[in-house]
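Number of protein chains: 2
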Amino acid sequence: MITGKNYIGNLLSSVGTINFKTFNPQTNLENEIVFSEASIIEIEKAVNLATEAFKTFKNISGVQKAEFLNEIAYQIEALGDELIQTYCSETGLPEGRAIGERGRTVFQLRSFANVVEEGSWVEASIDTADLNRQPIPKVDIRKMLVPLGPVVVFGASNFPLAYSTAGGDTAAALAAGCPVIVKSHPMHAGTGELVASAIIKAAEKTNMPNGVFSNLNSSGIEVGVSLVKHPKVKAVGFTGSIRGGRALYDMAGQRPEPIPVFAEMGSVNPVIILPNATKNKGEDWAKTYAGSITMGSGQFCTNPGLILGIKGEDLSNFIKNLSEEIVKIEPTCMLHPNIIGAYENNKAKMLAQKGLTTTADIKSESLKNYGRQAITTVEGDTFLKNTALHQEVFGPFSMVVQCENTEQLELIISKLEGQLTGTILAENEELKNNRSILSTLQNRVGRIIFNGVPTGVEVCASMVHGGPYPASTDSRFTAVGINSIKRWVRPFSYQSWPNELLPDELKNENPLGISRLVDTIQTQNAIIE
Amino acid sequence: MITGKNYIGNLLSSVGTINFKTFNPQTNLENEIVFSEASIIEIEKAVNLATEAFKTFKNISGVQKAEFLNEIAYQIEALGDELIQTYCSETGLPEGRAIGERGRTVFQLRSFANVVEEGSWVEASIDTADLNRQPIPKVDIRKMLVPLGPVVVFGASNFPLAYSTAGGDTAAALAAGCPVIVKSHPMHAGTGELVASAIIKAAEKTNMPNGVFSNLNSSGIEVGVSLVKHPKVKAVGFTGSIRGGRALYDMAGQRPEPIPVFAEMGSVNPVIILPNATKNKGEDWAKTYAGSITMGSGQFCTNPGLILGIKGEDLSNFIKNLSEEIVKIEPTCMLHPNIIGAYENNKAKMLAQKGLTTTADIKSESLKNYGRQAITTVEGDTFLKNTALHQEVFGPFSMVVQCENTEQLELIISKLEGQLTGTILAENEELKNNRSILSTLQNRVGRIIFNGVPTGVEVCASMVHGGPYPASTDSRFTAVGINSIKRWVRPFSYQSWPNELLPDELKNENPLGISRLVDTIQTQNAIIE
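Sequence order for the protein chains is A and B.
Position one of the first sequence corresponds to residue 967 (this note's numbering), numbered consecutively onward.
Position one of the second sequence corresponds to residue 967 (this note's numbering), numbered consecutively onward.
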């Protein structure tokens, strides 16, 4: 049952005075439950509980953390239909998407459970002493990754499960040993509370310290600002707009003690279609991309918003095909009146840009809050001269740039801001002959894709979801996959420490049997003195 | 021969109008050579050359990078006596220290050469495709670390070799595949130019692209500011004061495209001496610490500036012994009149603080520019109330805090700013009985030491030289050891990429024979399709 309250540690709480409701974009009506925005007192309490919880949680074994994470996954599944129905009523997304995203969310939790249960992720490294070394003896030094402290996670509007309450940021932070305070996204506060209840149940069942998790409702920016500025908060995870992410990044950087903010923000995800692919496969790609651009009403951070090709008859045919295919697709519901409002607004602004031709634009009345897709095209020169054309239109929108030649194509790529992904559609031979384009593209993105679509982010060790600014605020980390745990940890050294007082990961006996770097050799062996 | 010019890529250049000289603190006279500060034109040229060089340097093999790094080490050694004499004349440090630091510097270069030659440092990770997976096929994704782009390194005043021109930051960045632009430290511009000449010789000899390295002279802050704000610069390394590091960090964070700044800054490196150690080993520790505090005239970032003990006769004896031992040591020359000026100034400010007792203070006239050591003591209450007492006095200075009890000791530790190191002097048994103190200390530091001194930073894989702010601007990285390479790289994914066009690190055949994570198993095996 959804109460509309905050979870301050294990307890429900609603002492604040600001209330709000969520909205069902399918029915165009407010949902019934009244949510209580977290007050300053509740924020303070949540942060203090998290700080206290950190003292024990940071030392909890990997096996215990795995039990906790697996139990969260189980409890989320146990929410059953209520979760799916709440998700749909707060997002306008279809049931299939809700079920798929739930699957992704529990898979992420279980992946991290496996990682921390196995234990080698801490990158244990041991350099043993050499008392006979000249001119000075070598001391014993041992290192491992340790958690940073309480982490604040901002729920993302477009992934109410996989990038929100128990999403990738939260799963990674808990796996690292960091208590988490979620600033719940106001558009899906009910979904957030249900998932939070699952986390709290799991925490209680597996004896985690009170405060290891809190869930704070908020309708405006105040709760988030208070959390990011709080001296006891040690890191921040965010998925959302460039404006929002940059504001948090600046705020965190200006603290007396600056803290890391990992913000995964906007991206137009450039797709480069080379001449032979345009000629021989243009029709197929047009169909595929019509699907990719409209998938989830274009509300993915990896949505292909920019397609770059070489001007000519083949590209003209591709644009024609893409435009014809995309209007065949039925518009779908967007997340919220605010989101569709921003989409229509940004689309209109873009369509009004000089030199831009609209080749597909569903103008007919569609259902309220449904995102009407559009395709536009522009000359390379015009694109180069007007950086307004480089901006993301969040929704089912894409722009095809007709470049004069490969030199201009490469120049355009070099002028793009940082991107999550870059895609090349090409025949094998022409890929080989355009290494310079690949090299330039590589500098601008976190992931490059050959003959595919950027939408769909596989959760695996090799995934990079991040990239040069403004795709993310720190390209040195990924937001997806097990390595995303590294955002929330730091290396820590013990020098000349007594063996029995070292954490198990660094003891001579290697009681956890993990893989360690011992005197420059990677091994699972114990150290025999 | 030292020319006083800048290296803009491989060429010497001096088109600017600002000149300066270095200073010999032993003779209290300026050195003769006139240095030309880099002009805006030269800065622009260096950055553009680095950006061009990055296009090829980022793809150079590990073996070639190793040749380059090893050749730099060789060329530095080949500078012979001229380097050592220049070093001494610009720092006032003794020849033994110069030789030791040169050894450390070439060791660092060779360590990174070994790492990149072997190649597994790129953390290659491969998730192969599974076209039969339901509900959607799994794509092939492969990941490795790639360099960020041109890196600016600020030379440190207190380590003219190991943390300057070809020091740890430069060695790590070149190993990563990033061109480096050094903002040379004005106090040792001659040493800097000599080392730069060795790097340029090595670059030419091993056919590195022009612009892979530049060395810019500067006497003020303008050159550094221009570099950090330059849109083509992608990361910054700095070792020095909190004020300087924070200014660069803020500047980099406020750019349209923020870039990472790794600044290793100040630290008082708290030492906790527990009662039994005070009682049974106090005399020995007093002698050892008198040496550690005055080592290199206290000009180490790991200098022990704060000692915390429990009030009583044993601690009083320790303070007495420490004070007696430290005045027996002859003062030594500090790096520069500015440094000794700041030391005398900060020491005087500290000694004037209410409630502080000075137990050792060499007042007698010593040689000009020699650092006169001092020991002070203060009650725990007084220390807690006055954060001015928490600040670093860079030089041969330390303060003993007499805490009321272990609760107050722990409270004081929890109130300290972030530190590079924390040390515990204790008997084994009392270490076990004070886990709460250890846990609190761990949250504030990057490295903890048992029964030793914080000075002396071993260069090895397990070393963490960094820590919570303000010890460094990002505790998630170390400035020393092979893992410091991670400051200058980011993960990058290839999706569905043709095998023959993948970098060698990610090809099925594993031609480099490196260790890779293949479908979640760490292995050196090739992938058989």
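The C-beta atom is built at its ideal place from N, Cα and C for all residues, glycine as well.
The C-beta of residue 1093/B comes closer than 7 Å to at least one C-beta of chain A. The residue from 1379/B, 1079/B, 1161/B, 1132/B with its alpha-carbon nearest to that of residue 1046/B is 1161/B. Cα atoms of residue 1194/A and residue 1118/A: separation of roughly 7 Å, rounded to the nearest angstrom.
7 Å or more divides the Cβ of residue 1430/A from the Cβ of residue 1142/A. For a Cβ distance threshold of 9 Å, residue set 1415, 1418, 1422, 1424 of chain A lies close to residue 1105/B, ordered along the chain. Here residue 1433/B is not near residue 1444/B, since their CB atoms are 7 Å or more apart. Residues of the region 1250-1274 of chain A with a C-beta less than 8 Å from any C-beta of chain B: none at all. Using a Cβ-Cβ cut-off of 7 Å, residue 1456/A counts as an interface residue toward chain B, since at least one Cβ of chain B sits closer than that to its own. Membership of residue 1397/B in any beta strand (DSSP E) is not indicated; the residue belongs instead to the alpha helix (DSSP H) covering 1394-1398. Only buried fits residue 1409/A, as 16 or more other CB atoms lie within 10 angstroms of its CB. Proximity of residue 1385/A to chain B, defined by a Cβ-Cβ separation below 7 Å, is not satisfied.
With a cut-off of 8 Å on Cβ pairs, the region 1176-1188 of chain B is in contact with the region 1010-1021 of chain B, counting three or more such pairs.
With respect to residue 1272/A, residue 1227/A sits apart: the two C-beta atoms are not nearer than 7 Å.
For residue 1181/A, the enclosing beta strand (DSSP E) stretches over residues 1179-1182. Per DSSP, residue 1457/B is one residue of the beta strand (DSSP E) stretching across 1455-1461.
With a threshold of 7 Å between beta carbons, residue 1357/B makes no contact with chain A.
Close to chain A, meaning a Cβ-Cβ distance shorter than 9 Å, are the following residues of the region 1424-1447 of chain B: 1424, 1426, 1427, 1428, 1429, 1430, 1431, 1432, 1433, 1434, 1435, 1436, 1439, 1440, 1441, 1442, 1443, 1444, 1447. By the rule that beta-carbons nearer than 7 Å mark a contact, residue 1395/B does not touch chain A. Annotation: the region 1351-1421 of chain A contains the following complete segments of the beta strand (DSSP E) (minimum length 3 residues), in chain order: 1363-1369, 1385-1391, 1411-1416. Assignment of residue 973/A by DSSP, reduced to helix, strand and coil, places it in the strand class. Taking a 10 Å sphere around the C-beta of residue 1358/B, we find 16 or more other C-beta atoms and assign the residue as buried.
In terms of CA proximity to residue 1231/A, 1440/A leads the group 1440/A, 983/A, 1449/A, 1483/A. Relative to the Cα of residue 1157/A, the nearest Cα in the group 1132/A, 1292/A, 1178/A, 1329/A belongs to 1132/A. The C-beta of residue 1214/A comes no closer than 7 Å to any C-beta of chain B. Cβ contact annotation for residue 1435/A (same chain, cutoff 6 Å, sequence separation greater than five): 1384, in chain order. A distance of 7 Å or more separates the beta carbons of residue 1326/A and residue 1306/A.
For residue 1488/A, the enclosing beta strand (DSSP E) stretches over residues 1487-1489. Short of 6 Å from the beta carbon of residue 1241/B, and not among the five residues preceding or following it, lie these beta carbons of its own chain, in chain order: 1276.
Sequence-distant Cβ neighbours of residue 1048/A in its own chain, meaning closer than 7 Å and more than five residues away, are 1160. If the five residues before and after residue 1070/B are omitted, its C-beta is found closer than 8 Å to the C-beta atoms of 1127, 1128, 1425, all from its own chain and listed in chain order. Contact of residue 1002/B with chain A is not assigned, every C-beta pair being separated by 7 Å or more. Bridge partners of residue 1337/B according to DSSP: 1298/B. Put simply, of 1202/A, 1466/A, 1207/A the residue whose alpha carbon is nearest the alpha carbon of residue 1219/A is 1202/A.
Distance between residue 1001/B and residue 1165/B, taken at the CA atoms: about 19 Å.
Taking C-beta separations shorter than 7 Å and ignoring five residues to either side along the sequence, the partners of residue 1168/A in its chain run 1034, 1037, 1038, 1041, following chain order.
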